[in-house]
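Structure first, then comments.
There are 4 protein chains.
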Amino acid sequence: MSTRSRLFDVDCKLGYTLTETTDFVFQIHAMQGPDQDVLTESLRVTPSATCHTYTDPHVGQRFLRVQAAAGPLNLRYRARVQVARPRRNPGAKEVPISAVPDEVMHNLMPTRYCESDLLGSAARKLFGKTPPGCARVIAICDWIHRNLDYRTGSSDTTTTACDVFLSRTGVCRDFAHLAVTFCRALNIPARLAVGYSIFRAPPPDFHAMFEAYLGGRWEVFDPTKMADPSELVRIAVGRDAKDVAFATIFGAAQSRTIAPVVKRVAAGKG
Amino acid sequence: MSTRSRLFDVDCKLGYTLTETTDFVFQIHAMQGPDQDVLTESLRVTPSATCHTYTDPHVGQRFLRVQAAAGPLNLRYRARVQVARPRRNPGAKEVPISAVPDEVMHNLMPTRYCESDLLGSAARKLFGKTPPGCARVIAICDWIHRNLDYRTGSSDTTTTACDVFLSRTGVCRDFAHLAVTFCRALNIPARLAVGYSIFRAPPPDFHAMFEAYLGGRWEVFDPTKMADPSELVRIAVGRDAKDVAFATIFGAAQSRTIAPVVKRVAAGKG
Amino acid sequence: MSTRSRLFDVDCKLGYTLTETTDFVFQIHAMQGPDQDVLTESLRVTPSATCHTYTDPHVGQRFLRVQAAAGPLNLRYRARVQVARPRRNPGAKEVPISAVPDEVMHNLMPTRYCESDLLGSAARKLFGKTPPGCARVIAICDWIHRNLDYRTGSSDTTTTACDVFLSRTGVCRDFAHLAVTFCRALNIPARLAVGYSIFRAPPPDFHAMFEAYLGGRWEVFDPTKMADPSELVRIAVGRDAKDVAFATIFGAAQSRTIAPVVKRVAAGKG
Amino acid sequence: MSTRSRLFDVDCKLGYTLTETTDFVFQIHAMQGPDQDVLTESLRVTPSATCHTYTDPHVGQRFLRVQAAAGPLNLRYRARVQVARPRRNPGAKEVPISAVPDEVMHNLMPTRYCESDLLGSAARKLFGKTPPGCARVIAICDWIHRNLDYRTGSSDTTTTACDVFLSRTGVCRDFAHLAVTFCRALNIPARLAVGYSIFRAPPPDFHAMFEAYLGGRWEVFDPTKMADPSELVRIAVGRDAKDVAFATIFGAAQSRTIAPVVKRVAAGKG
Chain F
1 MSTRSRLFDV DCKLGYTLTE TTDFVFQIHA MQGPDQDVLT ESLRVTPSAT CHTYTDPHVG
61 QRFLRVQAAA GPLNLRYRAR VQVARPRRNP GAKEVPISAV PDEVMHNLMP TRYCESDLLG
121 SAARKLFGKT PPGCARVIAI CDWIHRNLDY RTGSSDTTTT ACDVFLSRTG VCRDFAHLAV
181 TFCRALNIPA RLAVGYSIFR APPPDFHAMF EAYLGGRWEV FDPTKMADPS ELVRIAVGRD
241 AKDVAFATIF GAAQSRTIAP VVKRVAAGKG
Chain R
1 MSTRSRLFDV DCKLGYTLTE TTDFVFQIHA MQGPDQDVLT ESLRVTPSAT CHTYTDPHVG
61 QRFLRVQAAA GPLNLRYRAR VQVARPRRNP GAKEVPISAV PDEVMHNLMP TRYCESDLLG
121 SAARKLFGKT PPGCARVIAI CDWIHRNLDY RTGSSDTTTT ACDVFLSRTG VCRDFAHLAV
181 TFCRALNIPA RLAVGYSIFR APPPDFHAMF EAYLGGRWEV FDPTKMADPS ELVRIAVGRD
241 AKDVAFATIF GAAQSRTIAP VVKRVAAGKG
Chain A
1 MSTRSRLFDV DCKLGYTLTE TTDFVFQIHA MQGPDQDVLT ESLRVTPSAT CHTYTDPHVG
61 QRFLRVQAAA GPLNLRYRAR VQVARPRRNP GAKEVPISAV PDEVMHNLMP TRYCESDLLG
121 SAARKLFGKT PPGCARVIAI CDWIHRNLDY RTGSSDTTTT ACDVFLSRTG VCRDFAHLAV
181 TFCRALNIPA RLAVGYSIFR APPPDFHAMF EAYLGGRWEV FDPTKMADPS ELVRIAVGRD
241 AKDVAFATIF GAAQSRTIAP VVKRVAAGKG
Chain U
1 MSTRSRLFDV DCKLGYTLTE TTDFVFQIHA MQGPDQDVLT ESLRVTPSAT CHTYTDPHVG
61 QRFLRVQAAA GPLNLRYRAR VQVARPRRNP GAKEVPISAV PDEVMHNLMP TRYCESDLLG
121 SAARKLFGKT PPGCARVIAI CDWIHRNLDY RTGSSDTTTT ACDVFLSRTG VCRDFAHLAV
181 TFCRALNIPA RLAVGYSIFR APPPDFHAMF EAYLGGRWEV FDPTKMADPS ELVRIAVGRD
241 AKDVAFATIF GAAQSRTIAP VVKRVAAGKG
């Protein structure tokens, strides 16, 4: 299992204007984990606000909880991260239900955005005859890439996998949601993965991919084919986008700036 | 344009138990029209009730309006019908929008069960490259036949074309609704057609097909492939199933009997 | 039954940019009918295009069918219209199903935007105990006005009455769709009515109200309470917005101008 | 904070017929927790099958994973459980977002069956002016009890809170889902709670209630008002019914028996 190691610099700026005291849960910290090493990082919140960081005990992602008063709120998160993700194993097998670890089982369940119960028959008709394993998940990605149009602004925060399956249009999270849904419908545990990604022309934005549980570990896939899964600086994984939103806002905040910039750094640099 | 002439005997029994005075609109009369001739017919309503028949001025279908008191209500409709439907023209062309007759235009609009506005992109992706005309409508029927499972009881009176496109399961009216929806999404006027049909093992039931406007006339298709379109004893055509229900009930009625029997009669017989 | 007569000047401009030959169905002509008299009118289409007007034989609304080549397309419709609508009869009774005229019956059916079958139970719980007749329809309008927020841009061309009942937000057509849906669910025939209306600060826009069949005739209501139903210069009535869209477009057209201006004219003027 | 202690005997039988090797996740074990003590219990699986029990590290519920061969499968779970739930505190306050514990936060998110994002406006309109705290959650229960019809068979495994809000009909889990959805929409953490409950005439069935996070702990409510929350022998809590299904089945199994019987035992008895 070969691994490529790469170095990235993240510089993420978020800006809001609040009309009242507002609570936030941010997920913008790069994840510390077996395939990703946060070498250095800094967070600046201006003006100063009540902050609190919580690390999820299961997968290690971090939640930044902020309560801020009316007025402007600016965040700047910077990090240097080494991503050393093993190459995908194209021969990875599907794990029989009875061998799926207990704590992975919930990744088979339908969620707000991934109605795998409603798309079960469609998934079996489309991919039921594809050889199981990594090849089937690749077939899912290929189908989605061929059949969905990527169109900025075509979906909103209520758009689900079923909506996208009907409309054949979406953005990265919609593509990933549909892939997660097909996987779960076929009894392959799957989850959303979001992070910083070098994936297209400016403006920069957060990117959503997905992970399928194959051969006993989580493999990353990008059905938009816009970015390289081995280059995703992962922030969080979760059941669907509701679990991994970069900002969940309780109150009245207007977004001014969303600028999550990531750059590849030459190995010896720094 | 060759035409086959066939003779059918219809014997349709409906039975209800009413717990209060109830209004009905029935559509059970065979349609009198250019490709169908009602030779003899009789209707018996027991016990006697206030009845009234209305003939739609556009397409000639008949609505039987009944107001009946609490208690049992039984209808028996019998008819001998000659169906002389022209053979389908496999070379029939799609009619450009500008040439669609004014009174046919509304058959391009989405309806309660046929959300052609939501499935436009899917329809174009699936059938956009198929040669236009009758061949494209046949391709739609073939796709539906291949991709949908016919399962009695899998849908109800709220099931729409989108639901069926997601679940990949339905009964004859669901198959027809999806076909109508794809046609309209591709700018081919289409409507539901229901009637008496020799289409499978008992119990007998009403059957739904659909019609597409091709080459300047309405061609009948059956995406379930369970019956022969040239043998449909047509009762009604309409935008979707809401327009052509065999019984629309205003009040509290329990259905006891639905037995619409149709038999082919040898030409010289009778 | 007293009637107020009022005079209006309509000046409606529509502008599009077409990237290919495109077909349109416009509904912008004021309706000629018992409660509305088109005194003078003119239509200018520039550059000249293939035009054709069709008058619906039932209710008298006019469809303007246009096929235009790539490039700009501009329409200007001007009319002086006398609206002499009888005052609403607050004591108007609901018509029992058995007395609803045959040709009105279809206004009891659910449609693409008005899923009266899905909201039947909610309608009966909300309005089942209200005295039947005009008072009940007024109660429906009041409930909608109290419980829905009018917000420009909150809905789109796929938004249905159920969506609005969930989101509690919409624009005039959404308000009217929900009212139509509640009425039909309560066995009151109802339909959408659109037209020119003096209803708020600029920019001018088409307005949607609805009509309920009470006491043997169609009464107009505006659940947004933004305009006076007796001042609606009616363009069309229909099952729902799909039947009465001011523009249905088959092809690729970008809207540049929507400016339907209407002004009240002093009686002696002109 | 007074506590009532009660003793219950659970005797739960489940029976299936499998047509192939099938995997199950059962949740039928009574929960061991601060307000509930499992005094004795036994589980019998016949014929013998591969079984494995997993205890969720957060809330303590148990998952029984079973892989069984084709043929019959029978489970019998028996337990004596002491429920000592503190009386509900009617003065319990809502917890401000900033004080909600990190591990409770996810109970504010929408899920497959609880689309709190779609019902936010409706929740605020219905309950926004109710005094916050326990009183508001009681108002939610009262509204649901008044406005929803309990009807066995009216919903299925795809029915969501939005569906129920539209149809005004459901069973216990639907009532609980809608309550959870309203709470989350109002920023009150809420979750589904299922278990054994003495709630109505035979046949016995599992019962669903819900819990709201008030005053720093989880309070149990039953919007069906069919059972006493202080008498629920809790099996599991979760985001929604997908997390706490008594049986999740991977394969082809036909249910033969669902008989979860619970009886109150006199304190000194046994």
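Protein chains in written order, with the working numbering: chain F, 1 to 270; chain R, 1 to 270; chain A, 1 to 270; chain U, 1 to 270. Quick reminder that beta carbons are idealized off the backbone N, C-alpha and C, glycines included.
Excluding the 5 residues flanking it on each side, L118 of chain R has same chain C-beta neighbours closer than 7 Å at C162, in chain order. For S155 of chain U, there are no neighbours in chain A by C-beta distance under 8 Å, as the nearest C-beta there is about 13 Å away. Scanning F:K13, F:S2, F:T17, F:E115 for the CA closest to the CA of A252 of chain F turns up F:T17. Neighbours of P110 of chain A across chain R, judged by C-beta separation under 7 Å: R112, K242. In chain order, A208, A241 place their CB closer than 6 Å to the CB of R173 of chain U, counting only its own chain and leaving out the 5 sequence neighbours on each side. Rounded to the nearest angstrom, the Cβ distance from R62 of chain R to Y54 of chain R is 7 Å, consistent with a contact under 8 Å.
In this structure, the beta-carbon distance from G170 of chain U to I235 of chain U does not fall below 9 Å. Taking C-beta atoms under 8 Å as the contact rule, T248 of chain U and V25 of chain U qualify, at a distance of about 4 Å.
When CB distances to chain U are screened at a threshold of 8 Å, the residues of the region 113 to 126 of chain A falling below it are L118, L119, S121, A122, K125, in chain order. Between L126 of chain R and the set R:W218, R:N147, R:R112, the nearest pair of CA atoms involves R:N147.
D174 of chain A is outside the set of residues whose beta carbon lies under 9 Å from a beta carbon in chain U. DSSP places K263 of chain U within a strand segment (E or B) once states are collapsed to three. Under a 10 Å Cβ-count criterion, T181 of chain A is classified as buried, with 16 or more other Cβ atoms of the shown protein chains found around its own Cβ. Going by C-alpha positions, E211 of chain U is about 15 Å away from S197 of chain U. Going by DSSP, R234 of chain A is part of the beta strand (DSSP E) stretching over 233 to 238. F246 of chain U sits in coil when the DSSP states are folded into three classes, being neither helix nor strand. Under the DSSP definition of a beta bridge, V164 of chain A lacks any partner. In this structure, the CA atom of F175 of chain F is about 31 Å from the CA atom of P223 of chain R.
Checking the DSSP bridge columns, you'll see I258 of chain U partnered with U:L14.
The count of Cβ pairs closer than 8 Å, one atom from the region 125 to 141 of chain R and one from the region 97 to 112 of chain R, stays below three, leaving the stretches out of contact. The beta carbon of H106 of chain R falls within 9 Å of a beta carbon belonging to chain A, placing the residue at that interface.
Within the region 160 to 171 of chain F, those residues whose Cβ lies closer than 7 Å to any Cβ of chain R are, in chain order, C162, F165, L166, S167, R168, T169.
DSSP places P229 of chain U within a helical segment (H, G or I) once states are collapsed to three. Non-local beta-carbon contacts of P132 of chain R in its own chain, meaning distances under 6 Å to residues more than five positions away in sequence, involve E94 in chain order. Around the beta carbon of P260 of chain R, 16 or more other beta carbons sit within 10 angstroms, so the residue counts as buried. Under the three-state reduction of DSSP, G120 of chain U is assigned to helix. Using a 10 angstroms sphere on the CB of T46 of chain F, the tally of other CB atoms stays under 16, which defines it as exposed. In the structure shown, H177 of chain R falls within a helical segment according to DSSP collapsed to helix, strand and coil.
Look at L186 of chain F here: in three-state DSSP terms it is coil, with no helix or strand label. In chain order, F26, T53 place their CB closer than 6 Å to the CB of L64 of chain R, counting only its own chain and leaving out the 5 sequence neighbours on each side. Taking a 10 Å sphere around the C-beta of T40 of chain F, we find fewer than 16 other C-beta atoms and assign the residue as exposed. Taking the CA atoms as reference points, R112 of chain F sits about 14 Å from T157 of chain U.
Under DSSP, N74 of chain R takes part in a beta bridge, and its partners are R:G15, R:T46. Interface flag for S98 of chain A against chain R is set, since a Cβ pair is found closer than 9 Å.
About 7 Å separates the CB atoms of C134 of chain F and N89 of chain F; that is less than 8 Å, so the two are in contact.
By the neighbour-count criterion, in which a residue is buried when 16 or more other Cβ atoms sit within 10 angstroms of its Cβ, A99 of chain A is exposed.
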